[in-house]
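Colleague: Per the numbering used here, the very first residue in the sequence shown carries number 3; after that it's consecutive. Virtual Cβ for every residue (Gly too), placed ideally from N, Cα, C. Handing you a structure now.
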Amino acid sequence: MDPAGAVGSSPQGVNIYDLGVQRSNLASGQYTSIVPSGNTTASFVATDTSNGTTRNGHWVHVELPVPSSYNPAAGNDWWSLQYVAGANTTATDTVTVAVGLRGGPVHLLP
């Protein structure tokens, strides 16, 4: 989510994969796509009780392309993750996040 609360999106498409229990499954191609081709929003349902889908104990890989023209205003240059539990649900999950950058060069400014 951006500072205004909007869910991250990209016209270039957002890929979201279920890697199972190992992050290394991405490199080996052993994963399933969570969202359909052409998806543009960085959002997914981790557990769907209507069809028995669960990602419990799995790594989820999100690829959100950031255009080279991305230039947020000062103070609005951060994103956050939002974890929402359904109504009448108690979340007891542990969430671990690993962030990486692809492409380059990466420029970090003070």
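Look up TRP61 in the DSSP assignment and give the residues it is bridged to.
Modeller: Answer is GLY22.
Colleague: Sort ALA75, VAL37, SER70 by Cα distance to ALA48 and report the nearest one.
Modeller: Nearest of ALA75, VAL37, SER70 to ALA48, Cα basis: VAL37.
Colleague: Cβ of VAL68 within 8 angstroms of Cβ of ALA44?
Modeller: For VAL68 and ALA44, no; Cβs fall outside 8 angstroms.
Colleague: Give the straight-line distance between the Cα atoms of SER39 and GLN14, rounded to the nearest whole angstrom.
Modeller: So the alpha carbons of these two residues sit roughly 11 angstroms apart.
Colleague: From what residue to what residue does the alpha helix (DSSP H) around SER30 run?
Modeller: From DSSP, the alpha helix (DSSP H) with SER30 extends over 27-30.
Colleague: Please determine, among MET3, TYR33, LEU66, the residue with the shortest C-alpha to C-alpha distance to LEU103.
Modeller: Out of MET3, TYR33, LEU66, LEU66 has the C-alpha closest to the C-alpha of LEU103.
Colleague: How long is the line joining the alpha carbons of LEU21 and ARG57, rounded to whole angstroms?
Modeller: About 9 angstroms.
Colleague: Let me confirm a value: VAL16 is counted as buried when at least 16 other C-beta atoms fall within 10 Å, else exposed. Which label applies?
Modeller: The residue in question, VAL16, is buried, as its Cβ has 16 or more Cβ neighbours within 10 Å.
Colleague: Short of 6 angstroms in beta carbon distance, which residues of its chain neighbour ASN73, apart from the five on each side in sequence? Order them along the chain.
Modeller: Result list for ASN73: empty, nothing under 6 angstroms.
Colleague: Can you look up THR91 in the DSSP assignment and give me helix, strand or coil?
Modeller: THR91: coil per DSSP, three-state reduction.
Colleague: To the nearest angstrom, how far is it from the Cα of ARG25 to the Cα of TRP61?
Modeller: Taking the straight line joining both Cα atoms gives about 6 angstroms.
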